[in-house]
Amino acid sequence: MQQFTCPYCGPRDQSEFTYGREATSVPALDASAAEWQRFVYERDNPAGPHAEWWHHNHGCRQWLEIVRDTLTHEVLAIRAARPPEDRG
Amino acid sequence: MRYSIFSLVRQAFAGHRGWDEAWRTPEPKKQYDVVIVGGGGHGLATAYYLAKNHGVSNVAVLEKGYIGGGNTGRNTTIVRSNYMLDDNAHFYEWSLKLWHQLSTDLNYNTMFSPRGVLNLAHTEGQRDQYFRRGNRMLLNGIDAEWMTREDIARFIPHLDCSDNPRFPILGGLMQRRGGTARHDAVAWGYARAASALGVDIIQNCEVQGFAREGNRVVAVETSRGRIGAGKVGIAVAGNSGRVAGMVGLKLPIETHVLQAFVSEPLKPMLDTVVTYGAGHFYMSQSDKGELVMGGDLDFYPSYAQKGNIPILEEAVAAGLQMFPILSRVRMMRHWGGVMDMTLDGSPIIAKTPIDNFYLNGGWCYGGFKATPASGWVFAHTIAHDAPHELNRAHTLERFETGHVIDDKGAGPVAQWH
Numbered sequence: 001m002q003q004f005t006c007p008y009c010g011p012r013d014q015s016e017f018t019y020g021r022e023a024t025s026v027p028a029l030d031a032s033a034a035e036w037q038r039f040v041y042e043r044d045n046p047a048g049p050h051a052e053w054w055h056h057n058h059g060c061r062q063w064l065e066i067v068r069d070t071l072t073h074e075v076l077a078i079r080a081a082r083p084p085e086d087r088g
Numbered sequence: 001m002r003y004s005i006f007s008l009v010r011q012a013f014a015g016h017r018g019w020d021e022a023w024r025t026p027e028p029k030k031q032y033d034v035v036i037v038g039g040g041g042h043g044l045a046t047a048y049y050l051a052k053n054h055g056v057s058n059v060a061v062l063e064k065g066y067i068g069g070g071n072t073g074r075n076t077t078i079v080r081s082n083y084m085l086d087d088n089a090h091f092y093e094w095s096l097k098l099w100h101q102l103s104t105d106l107n108y109n110t111m112f113s114p115r116g117v118l119n120l121a122h123t124e125g126q127r128d129q130y131f132r133r134g135n136r137m138l139l140n141g142i143d144a145e146w147m148t149r150e151d152i153a154r155f156i157p158h159l160d161c162s163d164n165p166r167f168p169i170l171g172g173l174m175q176r177r178g179g180t181a182r183h184d185a186v187a188w189g190y191a192r193a194a195s196a197l198g199v200d201i202i203q204n205c206e207v208q209g210f211a212r213e214g215n216r217v218v219a220v221e222t223s224r225g226r227i228g229a230g231k232v233g234i235a236v237a238g239n240s241g242r243v244a245g246m247v248g249l250k251l252p253i254e255t256h257v258l259q260a261f262v263s264e265p266l267k268p269m270l271d272t273v274v275t276y277g278a279g280h281f282y283m284s285q286s287d288k289g290e291l292v293m294g295g296d297l298d299f300y301p302s303y304a305q306k307g308n309i310p311i312l313e314e315a316v317a318a319g320l321q322m323f324p325i326l327s328r329v330r331m332m333r334h335w336g337g338v339m340d341m342t343l344d345g346s347p348i349i350a351k352t353p354i355d356n357f358y359l360n361g362g363w364c365y366g367g368f369k370a371t372p373a374s375g376w377v378f379a380h381t382i383a384h385d386a387p388h389e390l391n392r393a394h395t396l397e398r399f400e401t402g403h404v405i406d407d408k409g410a411g412p413v414a415q416w417h
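The listed protein sequences correspond, in order, to chains A and B. Take this note's numbering: the last position of the first sequence gets the number 88, and nothing is skipped along the way. Take this note's numbering: the last position of the second sequence gets the number 417, and nothing is skipped along the way.
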């Protein structure tokens, strides 16, 4: 099985993680309906590198941002999905 | 050449040397009235009904590989119309009606076998939900039937209907008019029938871009040169996002991989399609004796036509709970296909913000059964520049306006549908 290297837990089986959605910026609470519609429903859906949010739900339960190639499943980057100013 | 018992006998005496090619292999023309991108079942059916129902025969179907080499040849061949919501129910029911006379219509044996599709229920909540769906099917004029555990034990003798499994079977929702068809034959039959009506089927022709003039597409740039187009329809499920991206459209679709697998050939043991309700698993037996099986998506976006082992194990575990007799059966083949997963689980067959560019996609993992009706309504949409009554609700705009068609009630998460 493929392994993802969790920044908190180290290498773990992919089955410990759950895919969330593509990693994009989250609209502000007072964003327009059109902005929310694009966030909820529209996807880039590339064949190639794709920034994604994954949940390590059977591990540390942290959300991670993983850049993964959708053609090869290769993991290109993996980091905590917290806002940049909050990262240690 | 028309296929019949007489042509068969004639060819038998002539050493089978006189059969024509099933479809022509023309060079692409400079210009077509309609260019369909994608030579799978849906694209070919669209071309066929454009010529047959609407008299539009100056049509090209562009296929990047070969006919029957994509998802049309990669599915588990199940045909059914057991949907709950009206918009889907009427669409898929029309498809099922077309399936029942497709071999005659195409003069090609699609080996459609209405052997029934049985969804098993394992909890009281699930039973109630199936009653609800079955009742709504009946109200829509679609056949549905509740089978008790005793009925099912008689109907599928090898199925474990005892109290021993972790999730014993309570009963099941049966649609007898559903069943299976031979997937390759569907692509070949439509290709042959469309070609006979003048449609050009162009294989090994990959679309690389679209030439625009204002808000119209005027030509398709392909690996075999530029092809002018009056109208363009795309039927490239799995790759809808990539192809629509070439004209700048962003779709409510994620591409996921779905695995399927077949066992070694066995003696006849299962004469229906049966699905597991306490997990996700479905199985039928092909005419060659192989058990054809499938389960869940891999639950993450992927264009790799290969799956991972944990999902396979989970599907097989569900299968073994249903059929302990299969514990020593060996798997023969295993493969993956790429699925257009929409954000409400229903397809998009619609006009787009570009004037003469039409979209047929988002089939999630139920596109095969939709093939005839998909072609029927997409041809209508292209020919009339307006949707058919049956795909009026399957628009792109429904995600903006809140009119999503979410049969499963799963919400805007692609992989949950």
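For glycine and all other residues, C-beta sits at the position ideal for the given N, C-alpha and C. All values reported here derive from a predicted model rather than from experimental measurement.
Cβ of residue i within 8 Å of any chain B Cβ
i, result
"Ser25/A", "no"
"Leu76/A", "no"
"Leu64/A", "no"
"Leu29/A", "no"
"Ser32/A", "no"
"Thr5/A", "no"
"Tyr8/A", "no"
Residue-chain proximity (residue i, chain A), Cβ-Cβ < 8 Å
i, result
"Pro353/B", "no"
"Glu254/B", "yes"
"Asn308/B", "yes"
"Lys64/B", "no"
"Leu343/B", "yes"
"Leu251/B", "yes"
"Gln415/B", "yes"
Best match in the options for proximity to residue i [C-alpha to C-alpha]
i, options, result
"Leu96/B", "Arg176/B, Arg2/B and Leu120/B", "Arg176/B"
"Trp416/B", "Ile169/B, Ile253/B and Lys64/B", "Ile253/B"
"Trp335/B", "Leu258/B, Ser162/B and Arg149/B", "Leu258/B"
"Glu397/B", "Lys250/B, Gln208/B and Ala144/B", "Lys250/B"
"Pro412/B", "Pro114/B, Arg74/B, Asn391/B and Met341/B", "Met341/B"
"Gly59/A", "Arg43/A, Phe39/A and Glu16/A", "Glu16/A"
"Gly20/A", "Ala28/A, Ala51/A and Gln37/A", "Ala51/A"
"Phe167/B", "Glu124/B, His158/B and Glu145/B", "Glu124/B"
"Arg333/B", "Lys52/B, Gly307/B and Gly233/B", "Gly307/B"
"Trp160/A", "Leu76/A, Glu74/A, Ala80/A and Glu42/A", "Shown here, chain A extends from 1 to 88; a query on residue 160/A therefore has no answer."
"Ala373/B", "Tyr66/B, Tyr303/B, Tyr49/B and Lys30/B", "Tyr49/B"
"Ala144/B", "Gly69/B, Ser57/B, Glu93/B and Asn204/B", "Glu93/B"
"Ala428/B", "His380/B, Ala370/B and His403/B", "With chain B covering only 1 through 417, there is no way to say anything about residue 428/B."
DSSP state of residue i mapped onto helix, strand, coil
i, result
"Phe13/B", "helix"
"Trp335/B", "strand"
"Glu65/A", "strand"
"Ala144/B", "coil"
"Phe4/A", "strand"
"Leu197/B", "coil"
"Ile227/B", "strand"
"Gly40/B", "coil"
"Gly375/B", "helix"
"Pro27/A", "coil"
"Trp19/B", "coil"
"Tyr48/B", "helix"
"Arg12/A", "strand"
"Leu85/B", "coil"
"Val316/B", "helix"
"Leu98/B", "helix"
"Lys369/B", "helix"
"Ile67/B", "coil"
DSSP bridge partner residues for residue i (one or two, in chain order)
i, result
"Val262/B", "Val292/B and Arg333/B"
"Ile253/B", "Thr342/B"
"Met174/B", "Leu118/B and Glu145/B"
"Met283/B", "Val274/B and Met293/B"
"Trp53/A", "Arg21/A and Glu65/A"
"Leu62/B", "Val37/B and Ile202/B"
"Gly209/B", "Glu221/B"
"Ile325/B", "In the DSSP output, where bridge partners are listed per residue, Ile325/B has none listed."
"Ile78/B", "Thr180/B"
With 7 Å as the limit, tell me which residues of the segment 283-304 of chain B have their beta carbon closer than that to any beta carbon of chain A; keep them in chain order.
Phe299, Tyr300, Pro301, Ser302, Tyr303 and Ala304
Which residues of the segment 358-373 of chain B have a Cβ closer than 9 Å to any Cβ of chain A? Give them in chain order.
For the segment 358-373 of chain B, which is checked against every Cβ of chain A, not one residue is closer than 9 Å.
Residues from the segment 399-413 of chain B in contact with chain A, defined by Cβ distance under 7 Å
Phe399, Glu400 and Pro412
Please identify, using Cβ separations under 7 Å, the residues of the segment 234-248 of chain B that lie next to chain A, in order along the chain.
Gly241 and Arg242
Check each residue of the segment 38-68 of chain A: if its Cβ is closer than 9 Å to any Cβ of chain B, include it; give the result in chain order.
Arg38, Val40, Tyr41, Glu42, Arg43, Asp44, Asn45, Pro46, Ala47, Gly48, His50, Glu52, Trp54 and Arg68
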